[in-house]
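Heads up: the sequence shown begins at 939 in the working numbering, then just goes up one per residue.
First comes the structure, then the notes that go with it.
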Amino acid sequence: RHQNSSSPSIVATANPNPGDPSDPSNYSENRYNCIMRQFHRPVKQFRMWLPTMPLMMVSAKNATARHPAFAIFRTWPRATKHEIKEYLTKIYQLPVAKVRTMNYEGKRKRLQTQKFTYFYKYANFKKAVVTFDRSMTDVGIGTHVPELEDQKEEDEEVMEGEEESYERKPPVAIESGKESS
């Protein structure tokens, strides 16, 4: 195309100061860099999963010919099935096959006194029924731990020794200086 000599010509030239913030051509680039600095993620480090949720065992049943072993737990209402499964597999190395959960509302109670009526409520909880893999037949309820048995025997021996030192002795007749006739 033919350009008039009267109109100024626009020529794209390389910016001598590419990082100059006052240059309007660098506006979008500077904005992008600021955003990227803001959302820069730290270098990945070794991460350890430390759960803080309570998981109380209510009951457990060993495996039978028809049914696999399972256990029933109580936990927070906001705990998910995945979290419960990860908790049991990563910390206790249990072969979890299935997790079923039910939410329960805490019982509401009323306490009547002479002057006032007090209302209170127990905490809500989630009941988790965990079914284990067929490879697990015994859930360990009622098993004997050798270290604990040895400790218990030592404690019993110590207690027996203390009981011997505190045994009651039969009363001894004290002879008085008087003779009876």
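Beta carbons are placed, not taken as given, at the ideal position from N, Cα and C, and that holds for glycine.
Answer yes or no: do proline 989 and arginine 1072 have a C-beta to C-beta separation smaller than 7 Å? By 1-based counting over the sequence shown, the position of residue 989 is 51. By 1-based counting over the sequence shown, the position of residue 1072 is 134. Not a contact, by the Cβ cut-off of 7 Å.
Touch test, the segment 1006-1019 against the segment 1049-1058, Cβ-Cβ under 8 Å, three pairs minimum: Contact between the segment 1006-1019 and the segment 1049-1058 is absent, because fewer than three Cβ pairs lie under 8 Å.
Would leucine 1049 be called buried (16 or more neighbouring beta carbons within 10 Å of its own) or exposed? As a position in the sequence shown, residue 1049 is number 111, starting the count at 1. Exposed, by the Cβ-count rule.
Tell me whether the beta-carbon of arginine 1012 lies closer than 7 Å to the beta-carbon of valine 1037. Position 74 of the sequence shown, counted from the start, is the residue given in the question as residue 1012. Position 99 of the sequence shown, counted from the start, is the residue given in the question as residue 1037. Cβ distance not < 7 Å, so arginine 1012 and valine 1037 don't count as in contact.
My assumption, with CB atoms under 8 Å, is that threonine 1039 sits in contact with alanine 1066. Please give the rounded CB distance. For the purposes of this step, residue 1039 is identified with residue 101 of the sequence shown, where counting begins at 1. For the purposes of this step, residue 1066 is identified with residue 128 of the sequence shown, where counting begins at 1. 5 Å between Cβ atoms; contact.
On the DSSP bridge assignment, give the partners of lysine 1036 in chain order. The count along the sequence shown starts at 1 and reaches residue 1036 at position 98. Note: lysine 1036 sits in a beta bridge opposite Thr1069.
Does the separation of the CB atoms of alanine 1001 and threonine 1075 fall below 7 Å? For this step, residue 1001 is matched to residue 63 along the sequence shown. For this step, residue 1075 is matched to residue 137 along the sequence shown. Their beta carbons are under 7 Å apart, which means alanine 1001 touches threonine 1075 by this criterion.
If you run the structure through DSSP and keep just helix, strand and coil, what is lysine 1019? Residue mapping note: residue 1019 aligns to position 81 of the sequence shown, counting from 1. Of the three classes helix, strand and coil, the one that applies to lysine 1019 here is helix, per DSSP.
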